[in-house]
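Chains as they are written, first to last, in the working numbering: chain A, 1 to 282; chain B, 283 to 552; chain C, 553 to 842; chain D, 843 to 1128.
Glycine is no exception: its CB is placed at the ideal position from the N, C-alpha and C atoms.
Quantities reported herein were computed from a predicted structural model and do not represent experimental measurements.
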Amino acid sequence: MSRELTNRVFSTATWFAAGLCGLVLFFMFAIITWNGIRAINFEFLFAASRNFGAAGGIFYQIIGSLLLILFAALICLPLALGTAIFKSEYLHNARVQKLCAILVYGLNGVPSVIFGIFGLIFFVNVLQTGVSWFVGSIILAIMMLPTVVLAAYHAINSVPEIYRESASALGLNRWQVIVKVLLPQATSGAISGLFLGLARAIGETAPIMFIATAFSGIDIPGSFLDPVTSLPTHILALAQQAVDARALENAWGASLVLISLVTVFSTLGLWGRMKLKTSSLR
Amino acid sequence: MTRSTGLRIIQPGALPEAAAAVKVNDLNVWFGTAHILREIAVSFQEYRINCIVGPSGSGKSTLIRSINRMNDDVAGYCAKGTIHVDGKDIMSESINVAKLRQEVGMVFQKPCVFPKSISENVLFGMQDLKKLTVQERLQIVENNLKLTALWREVSHRLHDKAVTLSLGQQQRLCIARTLAVKPKVVLLDEPTSSLDPVSSRAVEELMLELKKEYTIVFVTHNIQQAQRVADHLVFMCNGGVIEQGSKQKLFHNPEKELTRKYLNEEYCDC
Amino acid sequence: MSASSRIGKGYVVGSTFLSAAMILVIILFLLMNSWDAIRQTGLQLFTSEWNPAQDKFGILPMICGSVAITAIAIAIALPLGIATAIFTSEVLPAGLRLYVKSLLELLAGIPSIIYGLIGVVFLSVWVEQAFDLQSGRTVFTGGLLLAVMVLPTIVTLSDDALHHVPQKYREAAKSLGFYNYEVIRNAVLPIAKPDIIGAALLGLGRVLGETMAVMLVVGSIDRIPEPFYNVFVPGQTLTSKLGREIAETAFGSLHFSAMIFMGLILLVFVLLVTTISLTYFYNPEDRLYE
Amino acid sequence: MKNNIHKSMKNLATLTLDSLFLILVFSCSRTASVQVAGSTTVLPVVSKAAEQFRVKHADVNIIVNAGGSGVGINQLAERKIDLGMASRDITQIELTNYPEVDFVTHTIGRDAVVPVVSSEVFDSGVQALTLAQIGKIYLGEIRNWQEAGGPEREILVVDKEQSRGTRHVFMQVVLGDKVAAAPGADLVLGSNNEEQTAIAQSDAAIGMLSNAWINKDVRGLSIIMPDGSLVQPELANIANGSFPITRALLLISNGPPRGDVRTFIDFVLSEEGQTIVEEAGYVRLK
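Following this line, the structure appears as structure tokens:
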């Protein structure tokens, strides 16, 4: 009987935990949506921010965020593909492989503020780039590198050995096998990983706040060395500096837009990952 | 109850009919929309090896998994009918499933040992372990390993990981683990199908030994095996019971043509 | 070897080298820039007074704050997360599990600045009222916020860990007459344990390194609470100190160097935790995300 | 499948080239830009002024960033920005740190740093304090409002980050040292808004805020002068200098301003710019 009771208690506890968890997370979404939706309208999405964030919209913040991650993606993708190919096709020493994995995945654990500090020292101070959006892109690219490498590596690994062998049997050399057989597969894998990486990168504040963004006065950067405005830093600035209550309302609106972008990217990434999984099962 | 001599020879036993320990009546089982078992009515006899034969997909596993309600947690499972174990209807709402499974133990197709030591595996299912002394525990381990003829092979390395045993030994360890809970009925779902012939023989001998104290329900698709060990035979096909009765009857003068064909390993529509 | 092959190999070797070297470069730069502080301040770095105007750079309060916040967040998120993972993996029908998992992965992606915003506007006020405090910006608030933040990660990872336990163990345990909770406690959890520890360590690394959300709610005072286990007072973490002060310091100054030293300490902590989890417990090849 | 991937790769490549091209085009028609950063007190003024400035001078971008007075001065000295914003004077340490930099300050308005309290405290009777009392609160010698004539409630002392201009000015007057330590502090916050929020959320807080941030939840205290007279934190008192804790709002350039920097400073000093200063809650220059 007491075993039965324990079972009952345990089962109730898991329900309770799951319920609590669901409630908290639902509440998060509800708060953001409820507060954000009131700020959002056509003008908010397509006008420049005015009057210290209290009026106008967040158009250039959206553009800035997208620009940052677009170039982060362009920098990250070739690097990640190369690393993944080397890891799966050339690297056969188990110990080196493990070291390589620890180094690359260790990067995944580096706190985002450290990336910001590194960027501040290396680019802004040593290379004297000044505050520049391109530096922000580079830092974000480094940040999401492990995610993309891992995704590409998985995709390459899911190519059956027989493909490689039959391509070699046709007289293709090693590099041709890679380009013709593995690269297409690796790219689709890497791109799904890339979306997951982008979903994380677009919401990051700490890595870019010292090195890549400005509060106002910039719409579309004129060169690689200009700063941009971005959604997360805009939210931070409004939450910290604005005097007007309407600015805080706009911060919620910007949060909702940011979350929507994150959701779009992670959905694309999850979808791609799922598709890849099923296709490799076939 | 007649007993064979101490000689462990595989001998077509001609035991008289015994009381039914498990009685299945009018059982229908669906998984989602698929009708897996149709109108099953069989009984399994006490202290006998009750053997269910039939081609794969005929519903053998589903039937014995119904006897200790292992299907309950499978998605889309739905059942109608009654199953009596020791006179109790185990399909009723009020039954305590955990207690039922202590009385009706089960051994699966593939041996499944836990990543623990051999002795821990034997004791794994014991509920009141905390009340027992170390001596008592060792005694239980020894008894059950002897019962499954493993004692000689593993007594010197009881604290080794169970996964270091051969598959055949693992399967006998699983049986020992089931017996340690002291069930009345032991369900064996193709326990030898992933074993080599020598290990299979060991498990068969074990069953012959066990039927002295347990009611055994044994699923196999190996007809020779059924011929070697079964007392009572149930032949299933396409989710229904085609014929049941003593081994002699089914092998030597079956009522149905299908039974004859299948048991003679001729081509049949099943 | 053809030209394309050579270029190709050069490309893959080069990119691997670059990717692998990146973390070493980061560590190197932090070390180089914190060298001044290490040399000039030495063990004084591990005292509890921070006052740049008087060249006092004691980072003990920040280390204590980081440890306290991490402990609180993990103490809340881990039991809740594992219990929820048990629910999603063992109780929830398989069909629903996929949706719940996708939702959790989306939640794991909510940017930390938004958590910070919610922390300032709602959570700190609630904590203040619920515990009748002077101010809701406390170490506890930070820990609570981070617990919520890291919850989706812990749930998905633990759920994966539980889900990877082969079904046969559950069946075997059930067939011995175990109740559901006994099946989970005796059969499933012990097998999933290494992966769950991995999940916890990964979450721990996350919590330790989180900046924006903590910075806004922790109170940011460089003081070790009295008594030290009192978490209902404001405090400071390594990350919140960095986020607030790094931009104010002049590059090359001792102040800057001491800040970078904090970054180095933080990085060493986090890398230690992630490396342990990667090497011993958690197989990263199994997952693409997080 | 393969075809698709090739296509998508091709698309990706085109996209890359396109965006690179786009950047080049922008680079050619590059507008001049003036980078400004620093004090959050000055930020609203400069940010709004920059918006209006661009209406007239569409070819000049004024890029504005926050960070605090310290950030403004340091970044100017390191030539990362063209114009620093500060709400305090440049310290001796900063001057000796950057001997090669020629700091030129331009006062664009005046402001008072007002000791503020939560409205609950204000309403229960604490409406004026002496500078000595405020000093004791920050030193941790007065820990309860009762000791200052208020309700029986522990004081929540809100301090500011050390490099903030507001704090320099406040501490200079109250404790006689710009970078005085405040052992009585309970919270350390950064921007004016963050501090305003925290004080509004509390019912026992004291803090220091720029005059512009005072509202119905965050009330400014009057100062009891040594002669017993009461000075209220009002624009008139700030303008005529009778309020004891005032400061100049500064723009700082490296050397005499030239070109766009000069034009922008002139704009802020013009009638239009001064109106923005006034609208932001500060005191305009005469």
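Query                                                                                                                             : Result
For C/Gly787, the nearest candidate out of C/Gly688, C/Arg591, C/Pro631, C/Leu756 (CA to CA)                                      : C/Gly688
Segment contact, 8 Å Cβ cut-off, at least three pairs: the region 750 to 758 of chain C with the region 419 to 436 of chain B     : no
Contacts of D/Asn907 in chain A (Cβ-Cβ under 7 Å)                                                                                 : Ala214, Phe215
Under 8 Å by beta carbon: chain C residues contacting A/Val144                                                                    : Checking the sequence, you will find Met at residue 144 of chain A rather than Val. The premise fails here: A/Met144 is roughly 11 Å from chain C at the closest Cβ pair, so nothing lies under 8 Å.
A/Cys21 burial status per 10 Å Cβ neighbour count (16 or more: buried)                                                            : buried
Whole-Å CB distance - D/Val906 paired with D/Leu885, under 8 Å assumed                                                            : 7 Å
C/Asp711 and C/Ala637 closer than 7 Å at C-beta                                                                                   : yes
According to DSSP, residues forming a beta bridge with C/Phe609                                                                   : C/Trp602
Cβ-based burial, D/Met1013 [other Cβ within 10 Å; buried from 16]                                                                 : buried
C-beta neighbour in chain B for C/Ala620, strict 7 Å                                                                              : no
Chain-order list of residues whose beta-carbon lies under 7 Å from that of C/Thr827 (same chain, five-residue window excluded)    : none
Element boundaries [beta strand (DSSP E), containing B/Phe326]                                                                    : 316 to 327
One or two residues paired with D/Leu1072 in a DSSP bridge                                                                        : D/Ile1066
Same chain, Cβ closer than 6 Å to C/Gly795, neighbours up to 5 away in sequence not counted                                       : Thr763, Met767
Proximity test, Cβ basis, 7 Å: B/Met373 and chain C                                                                               : no
Chain-ordered neighbours of C/Leu818 on chain A, where CB pairs are closer than 9 Å                                               : Pro111, Val113, Ile114
Beta-carbon spacing of B/Val404, B/Val379 below 7 Å                                                                               : no
Candidates A/Val179, A/Leu45, A/Lys98, of which the one nearest C/Ile559 by Cα                                                    : A/Val179
Segment contact flag, the region 475 to 486 of chain B with the region 381 to 398 of chain B, C-beta cutoff 8 Å, min 3 pairs      : yes
Min CB distance B/Met388 to chain C below 7 Å                                                                                     : yes
Closer than 9 Å at the beta carbon, the chain D residues around C/Glu778                                                          : Per Cβ cutoff of 9 Å: no residues; C/Glu778 is ~12 Å from chain D at best.
Chain C within 7 Å of D/Ala1042, Cβ atoms only                                                                                    : no
Partner residues on chain A for D/Lys1002, Cβ-Cβ distance less than 7 Å                                                           : By Cβ distance, chain A contributes nothing, its closest Cβ being about 13 Å from D/Lys1002, past 7 Å.
Near-chain C residues of the region 338 to 361 of chain B (beta-carbon distance less than 7 Å), N- to C-terminal order            : Asn350, Met352, Ala357
Unbroken beta strand (DSSP E) run spanning B/Glu525, endpoints                                                                    : 522 to 528
Reduced DSSP category for D/Val1015 - H, G, I as helix; E, B as strand; rest coil                                                 : helix
Residue burial classification, D/Cys870 (beta-carbon count within 10 angstroms, cutoff 16)                                        : A caution first: D/Cys870 carries a pLDDT of 41, below 50, which makes its placement in the model unreliable, though a value can still be read off. Exposed is the call here.
7 Å Cβ shell around C/Asp588 - same chain, five flanking residues per side excluded                                               : Leu806, Ser809
Cutoff 7 Å: A/Phe44 Cβ touching any chain D Cβ                                                                                    : no
Nonlocal neighbours in the same chain, by C-beta distance under 6 Å from D/His948, ignoring five residues either side             : Leu1093, Ile1107
Segment contact flag, the region 509 to 528 of chain B with the region 328 to 343 of chain B, C-beta cutoff 8 Å, min 3 pairs      : yes
Inter-stretch contact (C-beta, 8 Å, three-pair minimum) for the region 105 to 123 of chain A and the region 136 to 145 of chain A : yes
C-alpha distance - A/Thr263 paired with C/Leu582, whole-angstrom precision                                                        : 34 Å
Assigned secondary structure, A/Leu183 (DSSP; H/G/I helix, E/B strand, else coil)                                                 : helix
Contact residues within the region 227 to 239 of chain A, judged by C-beta distance below 7 Å to chain D                          : Pro227, Ala237
Below-7 Å beta-carbon distance, C/Thr599 vs any chain A residue                                                                   : no
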